[in-house]
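Asker:
There are 2 protein chains.
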Amino acid sequence: MLDERKAAILRAVVKEYIETAQPVASGHVARAGQLAVSPATVRNEMAVLEREGYLVHPHTSAGRIPTDKGYRFYVDHLRTPPGPLAPAQKRRVEEHFARAHGELERLLHDTGRLLSDLTDCAAMVTAPGHVAATLRSVQLVALGPRVVLAVAVLSDGAVVKETLELDLEVTDARVAAASAHLAAHLTGSPLANHSDVPSTGDDVTDGMVAQARRALADAAHTEPEQVYIGGASRMASTFEAIHTVREVLSILEQQYVVVSLLQDALRHDKLVSIGAEHGVEPLAECSVVVAPYETGTSPATVGVLGPTRMNYPQAMAAVAVVSERLSQRLQEG
Amino acid sequence: MLDERKAAILRAVVKEYIETAQPVASGHVARAGQLAVSPATVRNEMAVLEREGYLVHPHTSAGRIPTDKGYRFYVDHLRTPPGPLAPAQKRRVEEHFARAHGELERLLHDTGRLLSDLTDCAAMVTAPGHVAATLRSVQLVALGPRVVLAVAVLSDGAVVKETLELDLEVTDARVAAASAHLAAHLTGSPLANHSDVPSTGDDVTDGMVAQARRALADAAHTEPEQVYIGGASRMASTFEAIHTVREVLSILEQQYVVVSLLQDALRHDKLVSIGAEHGVEPLAECSVVVAPYETGTSPATVGVLGPTRMNYPQAMAAVAVVSERLSQRLQEG
DNA sequence: GCTGGCAATCGGTATCATCGAGTGCCAGCG
DNA sequence: CGCTGGCACTCGATGATACCGATTGCCAGC
Chain A
552 MLDERKAAIL
562 RAVVKEYIET
572 AQPVASGHVA
582 RAGQLAVSPA
592 TVRNEMAVLE
602 REGYLVHPHT
612 SAGRIPTDKG
622 YRFYVDHLRT
632 PPGPLAPAQK
642 RRVEEHFARA
652 HGELERLLHD
662 TGRLLSDLTD
672 CAAMVTAPGH
682 VAATLRSVQL
692 VALGPRVVLA
702 VAVLSDGAVV
712 KETLELDLEV
722 TDARVAAASA
732 HLAAHLTGSP
742 LANHSDVPST
752 GDDVTDGMVA
762 QARRALADAA
772 HTEPEQVYIG
782 GASRMASTFE
792 AIHTVREVLS
802 ILEQQYVVVS
812 LLQDALRHDK
822 LVSIGAEHGV
832 EPLAECSVVV
842 APYETGTSPA
852 TVGVLGPTRM
862 NYPQAMAAVA
872 VVSERLSQRL
882 QEG
Chain B
552 MLDERKAAIL
562 RAVVKEYIET
572 AQPVASGHVA
582 RAGQLAVSPA
592 TVRNEMAVLE
602 REGYLVHPHT
612 SAGRIPTDKG
622 YRFYVDHLRT
632 PPGPLAPAQK
642 RRVEEHFARA
652 HGELERLLHD
662 TGRLLSDLTD
672 CAAMVTAPGH
682 VAATLRSVQL
692 VALGPRVVLA
702 VAVLSDGAVV
712 KETLELDLEV
722 TDARVAAASA
732 HLAAHLTGSP
742 LANHSDVPST
752 GDDVTDGMVA
762 QARRALADAA
772 HTEPEQVYIG
782 GASRMASTFE
792 AIHTVREVLS
802 ILEQQYVVVS
812 LLQDALRHDK
822 LVSIGAEHGV
832 EPLAECSVVV
842 APYETGTSPA
852 TVGVLGPTRM
862 NYPQAMAAVA
872 VVSERLSQRL
882 QEG
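Chains A and B are the protein sequences, given in the same order. Quick note: the first sequence uses this note's numbering, first residue 552, plus one each step. Quick note: the second sequence uses this note's numbering, first residue 552, plus one each step.
1) Helix, strand or coil for residue 585 of chain A, going by three-state DSSP, please let me know.
2) Does residue 730 of chain B come out as helix, strand or coil in the three-state DSSP assignment?
3) Rounding to the nearest angstrom, what Cα-Cα distance links residue 789 of chain A and residue 572 of chain A in this structure?
4) Just by C-beta distance, which residues in the segment 731 to 753 of chain B are closer than 8 Å to chain A?
5) Output yes or no for whether 7 Å exceeds the beta carbon distance between residue 816 of chain A and residue 669 of chain A.
6) My output table needs one value for residue 786 of chain B: the three-state DSSP class, helix, strand or coil.
7) Would you say residue 688 of chain B lies against chain A (beta-carbon separation less than 7 Å)?
8) Over the uninterrupted beta strand (DSSP E) stretch that includes residue 712 of chain A, give me the two end residues.
9) Determine the chain A residues that contact residue 894 of chain B at a beta-carbon separation under 7 Å, and present them in chain order.
10) Does residue 796 of chain B have its Cβ less than 7 Å from a Cβ in chain A?
11) Mind listing the chain A neighbours of residue 878 of chain B? Cutoff is C-beta to C-beta under 7 Å, in chain order.
12) Here's the rule I'm using: 16 or more other beta-carbon atoms within 10 Å means buried, otherwise exposed. How should residue 874 of chain B be labelled?
13) Output yes or no for whether 7 Å exceeds the beta carbon distance between residue 712 of chain A and residue 698 of chain B.
14) Chain A beta carbons: is any one of them nearer than 7 Å to that of residue 787 of chain B?
15) List, in chain order, every chain A residue whose beta-carbon is nearer than 8 Å to that of residue 831 of chain B.
16) Taking 7 Å as the threshold (C-beta atoms), are residue 799 of chain B and residue 786 of chain B in contact?
17) I need the DSSP call for residue 574 of chain A, collapsed to helix, strand or coil.
18) Which one of A/813, A/591, A/781, A/552 has the shortest CA to CA distance from residue 672 of chain A?
19) Buried or exposed: which applies to residue 746 of chain A, given that a residue is buried once 16 or more other Cβ atoms fall within 10 Å of its Cβ?
20) Which chain A residues are close to residue 801 of chain B, counting only those with a beta carbon under 7 Å from its beta carbon?
21) Identify the continuous alpha helix (DSSP H) that holds residue 638 of chain B and give its terminal residues.
22) Tell me the start and end of each unbroken beta strand (DSSP E) in the segment 814 to 860 of chain A that is at least 3 residues and wholly inside, in chain order.
23) Taking a contact to mean a Cβ-Cβ separation below 7 Å, would you say residue 618 of chain A touches residue 607 of chain A in this structure?
24) Kindly indicate if chain B contains any beta-carbon less than 7 Å away from that of residue 793 of chain A.
25) So, residue 575 of chain B versus residue 602 of chain B, is the Cβ gap smaller than 7 Å?
26) Which class does residue 697 of chain B belong to by DSSP, given the choice of helix, strand or coil?
27) Cα separation between residue 819 of chain A and residue 841 of chain A?
28) When you compare only the Cα positions, how much space is there between residue 876 of chain A and residue 651 of chain A?
29) Tell me the DSSP bridge mates of residue 615 of chain B?
30) Go ahead and label residue 582 of chain A buried or exposed: buried means 16 or more other beta carbons lie within 10 angstroms of its beta carbon, across all protein chains shown.
31) So is residue 804 of chain B in contact with chain A if we call contact Cβ pairs under 7 Å?
32) Give me the residue from A/590, A/577, A/654 with the minimum Cα distance to residue 880 of chain A.
33) Looking at the secondary structure, which residues open and close the beta strand (DSSP E) in which residue 674 of chain A lies?
34) Find the nearest neighbour of residue 864 of chain A within the set A/637, A/749, A/750, judged by alpha-carbon distance.
35) DSSP beta-bridge partners for residue 877 of chain B?
36) For residue 692 of chain B, return the contacting residues in chain A, with the cut-off set at a CB-CB distance below 8 Å.
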């Protein structure tokens, strides 16, 4: 463990590096930091911190830069732990959720944008899964002679739709029969694992019913976890190397990578993942700050992605507040 | 108008500049181009082309770069006008549409990715509007004591949903009555402008019916034109200035800008917009190649966005083929 | 009207010296 | 014993300089 002075110096280095993106010199720390010691002393301490892996040194005559380990210590020992949001920002969040209404999709999309604005990072918002939801309504609608759309409304307000391509042509009457049969027997049961449905006494209708049930059950599981990305363009200003920008943006376009990134972070109970800590190689220069939110039916996640030298207190506070208000909003409805 | 030799020189300059991104020298044109003239002659012609605004000159001892006007001439006088796609790429397109099935949203999303892969540009795919679609099914589902979800299935297979927040609590029976009433009277009419519905004799039910009709009509018009962006990350490699990358990406995040960009291009019947031709200032260094596609109900657009020095024949061919196959796919279903 | 020849232009690169912000180390001080 | 001031040393950044080479513009001649 680091003694208090080393910790203070490390904190000062990280703080200044986050602000300036320049290697931090001992002189600056001695002056800016509130510890009353000479630059020489700071230098000695810095040398130790470097030996222990908290800092690095681009070249001899340069200041220090934090390593991932350095950032990790910093976020684990913040003096202002969750730190509330600045009033102006708090107000923005309140306004956002007061104004927001209507479809879940739009809400989540806009929330991503909000979070990105608040943190100057790219924002990621996953949509809650529907595994735990129950069916409020099931309906089949004929679109063509062999194409039927299965539409289900879930208890959480989501609408699941699946196109069924049938093997043979069916009459409108049979579609209606199957639809009514499904509605009668499935309403109220969970989407993921709904109860058996008795036969209607008609093979064709039964076939359609079975196919619809299969499609809905599939939708519950295999549907690619939806994730909304906001403010990806900010990544263009956060990195020097255009090549890094490209890689990071490319990752953000791969939904499943983003989703598993968020899920992993949450599974390991890490609200903050720094640099190499999350396993995604191209994001080695990035940190991720996440928070779960609750919808009543199933858990989901909000988070931001930024450079390792992002403003952690700000990001943590913003993510926390947004996830909290989002939970509130979704549970009251 | 340009005489044939000037045109050939201009073409050669544009072609080489697109490949190399370097100012093109008279010597290269004389050598590479199939015209049997000396560099000096080419120089003289180039000087004229510059005076007429087709080329520019970074500095005295540098080669020439095409202006927007130069590119415009190039695309308007392509020797290989629409030029079919390379076989390998053609195959990719076929595979894509053969494999693609299921929801329209996923199809369009994946098509954006395909188009981006084919052209190395960012791809844009708008979803068809629902103004012309008719209602196949309308249904109300109670989600809470004062919250009702209106779900409509359209003739084009789309599902429109709107949350209704009621002024007073309603019974399940009334919701069912309103739902049945709507289904009975609206099925078959156009979404945008559906016929009047007679009273049910119950004020509360009538209110709900009216509110649902209003919400659906609104959805037809005000629903923000959905647009799918694919491969935005490619823009990171296409520009030198990180600041340009940022601006372009930021534009791509603003759906309504993208939508109006596409619509404007199409309205003016310009399949290719070069540099400043489309009015969006931050995209001055970009070109847009679009093509309409047909869904049967209403027109929509696919397009790509790339640097002005993009591969126009390739982009035009890819966009054309994809829009054509997309139309086919959507009209057969 | 085309061409070869030639001076002039100008960015890019390499070289070099210089500057200054930093560090590392050491001797001395409290 | 820990802290400090002093000092030599390091090394990137900056700027001046020269030079090279690619390229143009122009002109005289074919």
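Using N, Cα and C, we set each Cβ at its ideal position, and we do this for glycine too. Keep in mind it's a predicted model, so treat the numbers as computed, not measured.
Answerer: Walking through what the data contain:
1) coil
2) helix
3) 10 Å
4) none
5) no
6) helix
7) yes
8) 710 to 716
9) No answer is possible for residue 894 of chain B: the residues shown for chain B start at 552 and end at 884.
10) yes
11) Neighbours of residue 878 of chain B on chain A: none; closest Cβ ~17 Å, over 7 Å.
12) buried
13) no
14) yes
15) What residue 831 of chain B touches in chain A: nothing, since even the nearest Cβ is about 15 Å away.
16) yes
17) coil
18) A/781
19) exposed
20) 784
21) 638 to 650
22) 823 to 825, 837 to 845, 850 to 858
23) yes
24) yes
25) no
26) coil
27) 11 Å
28) 12 Å
29) B/575
30) exposed
31) yes
32) A/654
33) 673 to 677
34) A/637
35) Bridge partners of residue 877 of chain B: none, in fact.
36) 687, 688, 704
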